[in-house]
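Taking our numbering, the leading residue of the sequence shown gets 1239, the next gets one more, and so forth. Even for Gly, the Cβ is constructed at its ideal location relative to N, Cα and C. Below is one structure, written out as structure tokens, with a few remarks after it.
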Amino acid sequence: MTTDELREKLTYTKKNGYTLLTPEQRAEMNAYAKRYAAFMDACKTEREATSWAEAEAQAKGFQPMTPGKALKPGDKVYLNNRGKNIYLAVIGSAPLEEGMNLCAAHIDSPRLDLKPMPLYEDSEFAYFKTNYYGGVKKYQWPTIPLALHGVVSLQDGSVVTVKVGEDPEDPVLFITDLLIHLAREQMQKSLAEGITAEQLNVLLGTEPLEGEGADLVKLNILRILNEKYGITEADFRSAELTMVPAGKCREAGLDRSLLSAYGHDDRVCAYAALEPILELENPVHTCVCVLADREEIGSVGISGMQSRAFDTFVADICKSMDADPNQVLKNSFCLSSDVANAYDPTFADAFDRRNTSYVNYGVAIMKYTGRGGKSGASDASAEALGHVRKALDGAGVLWQINTIGRVDLGGGGTVAGFMANRNIVTVDAGVPLLGMHAPMELVGKLDAYMMMKASQAIYEV
Ligand code: MN
Ligand code: MN
């Protein structure tokens, strides 16, 4: 063989996905990007994503899971777990003990939650106090338009939904920063200290009510909230309210190859897992889409991936199919779908160029995540990776490998370990992301589209 032939035969060369995309795929990709953007505009919290998924599932013939009711191949069921996360299943024709094909992603994103008693007045400004949720660079949150999303449980037990800042007619809210002219001391601080958590106070208003007494600006804000939502200050104690970046998912780049949005982590994988299961008819193996909450704070809690709510859903399906849950789990496969760190040339030394993912090179497959010597990683086996390789190559899905940046620089985790702990073979995969956890993140349309094709390929194994 010549050297060129040997090189062709023996070496592995990464290719930019745009060199491989057919015109039909390009058209499909652009159509998918529009559907995904519509989902993103409607869903900025786990609750909104859960409601959206439930409504779409019902429209596609999914029924709420009823424990004890027999299931047959082709049946479609779901469990809305307390409005915070959702599991959807389509029953396959093969015996359930042959295992299920799962795609698991999370629908919570980093944000600024309101403190339980958030409202106060200082120097005739009304504010909300916040407590950040998930890993954020605090300095990124002042001086960008924010929206208020969430629910309030009233004394009578009824729940009102709050959303301000998304409609073009709505006001938006802001956290202020210090003017540069007086920032010499602030500018000497580290990025971690330049804006502190207790400075992330959301400015709500400046106009006092007419009359005498203290806190007339705050009282005016309470009046506005009461008129619109019927809530009082006492109701904040039983509320779940959060500040998220205001605005829509948009095309980005002069060539429109990217999408900018709040919360691509991990709704770009969640939508990719959801859309194909909604269209799935009569799969061979039973397929499950898991949209989890609380990933950003360790997958703990009743709606996180460690919750037994998922095990109960699986157990109920097994009971309805007369199958042994231990055998079902043992033979199941899960694609743990979560976003990956795309190579960013501006911060080149944070990455290992031979082992990082690139925008436009397709789905990023991760053998392991974790930090400091793979700690906390599920670390998939060669066989598990081989399974994914075969499924994705067979379906023509573009993919690449990824590791979480330079070793010992940082790290991260996903829900993978919690699925693997359940005796489910699990592999991490996701969409490469620029600016992960920033108020606005960027993904390549091509990679988002390939992620959906990857989920589809896993369901169809
Ligand atoms: Mn994530
Ligand atoms: Mn994250």
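Check                                                                                                                         : Outcome
Complete runs of the alpha helix (DSSP H) confined to the region 1403 to 1443 [at least 4 residues]                           : 1422 to 1425 and 1429 to 1432
Local conformation of Asp1360 per DSSP, three classes                                                                         : strand
Asp1346 beta carbon less than 8 Å from that of Asp1531                                                                        : yes
Residues with C-beta closer than 6 Å to any heavy atom of ligand 1, in chain order                                            : His1344, Asp1503, Asp1504, Glu1533, Asp1576 and Val1577
His1675 Cβ short of 7 Å to ligand 2 heavy atom set                                                                            : yes
Neighbour-count burial assignment, Pro1583, 16 or more Cβ in a 10 Å radius                                                    : exposed
Distance cut-off 7 Å: Ala1372 Cβ against heavy atoms of ligand 2                                                              : It is worth fixing the name first, because residue 1372 is Gly in this sequence and not Ala. Result yes, Cβ under 7 Å from ligand 2.
When Glu1407, Thr1399 and Lys1375 are compared against Leu1429, the one with the closest alpha-carbon                         : Lys1375
Three-state secondary structure (DSSP) of Pro1302                                                                             : strand
Spatial distance of Gln1565 from Phe1571 (CA atoms)                                                                           : 12 Å
Beta-carbon contacts of Ile1433 that lie in its chain and below 8 Å, excluding the five residues immediately before and after : Lys1376, Tyr1377, Trp1379, Pro1380 and Asp1415
Simplified DSSP state of Ile1603, which is helix, strand or coil                                                              : strand
Beta carbon of Leu1326 nearer than 8 Å to that of Phe1300                                                                     : yes
Straight-line Cα distance separating Gly1673 from Tyr1596                                                                     : 13 Å
Through-space distance from Cys1507 to Gly1610, alpha-carbon basis                                                            : 26 Å
Beta-bridge partners of Gln1638, as assigned by DSSP                                                                          : Ala1602
First through last residue of the beta strand (DSSP E) which encompasses Met1481                                              : Ala1477 to Pro1483
Cβ-Cβ distance between Asp1576 and Asp1666 below 8 Å                                                                          : yes
Alpha-carbon to alpha-carbon, Met1543 and Ala1511                                                                             : 16 Å
Beta-carbon gap between Met1604 and Thr1664 smaller than 8 Å                                                                  : no
Coil, strand or helix - Ala1452 by DSSP                                                                                       : coil
Buried/exposed call for Met1239, threshold 16 Cβ in 10 Å                                                                      : exposed
Distance, Val1635 Cα to Leu1454 Cα                                                                                            : 60 Å
Buried versus exposed, by CB contacts within 10 Å (16 or more), Ala1452                                                       : exposed
Contact the region 1353 to 1363 vs the region 1287 to 1304: 3+ CB pairs below 8 Å                                             : no
Minimum C-alpha distance to Val1402 - residue among Asn1593, Lys1282 and Glu1679                                              : Lys1282
Whole-number beta carbon distance between Ser1537 and Phe1656, since they are thought to touch under 8 Å                      : 6 Å
CB contact flag (Ala1692, Leu1573, <8 Å)                                                                                      : yes
8 Å Cβ cutoff met for Leu1350 and Met1267                                                                                     : no
Among Thr1304, Gly1682 and Tyr1500, nearest to Val1552 - alpha-carbon criterion                                               : Thr1304
Gly1466 (DSSP reduced to helix, strand or coil)                                                                               : According to the sequence as given, residue 1466 is Lys; it is not Gly. In the structure shown, Lys1466 sits in a helix (DSSP, three-state: H, G or I).
Cβ neighbour criterion (16 or more within 10 Å) applied to Val1397                                                            : exposed
Contacting residues, own chain, Cβ-Cβ under 7 Å from Asp1554 (five flanking each side not counted)                            : Met1303 and Pro1305
Reference Glu1223, options Asp1242, Thr1251, Ala1275 and Tyr1250, closest by Cα                                               : The structure shown does not extend to residue 1223, since the chain is modelled only from 1239 through 1699, so no value can be given for it.
Cβ neighbour criterion (16 or more within 10 Å) applied to Asp1549                                                            : exposed
Where Tyr1365 falls: helix, strand or coil (DSSP)                                                                             : strand
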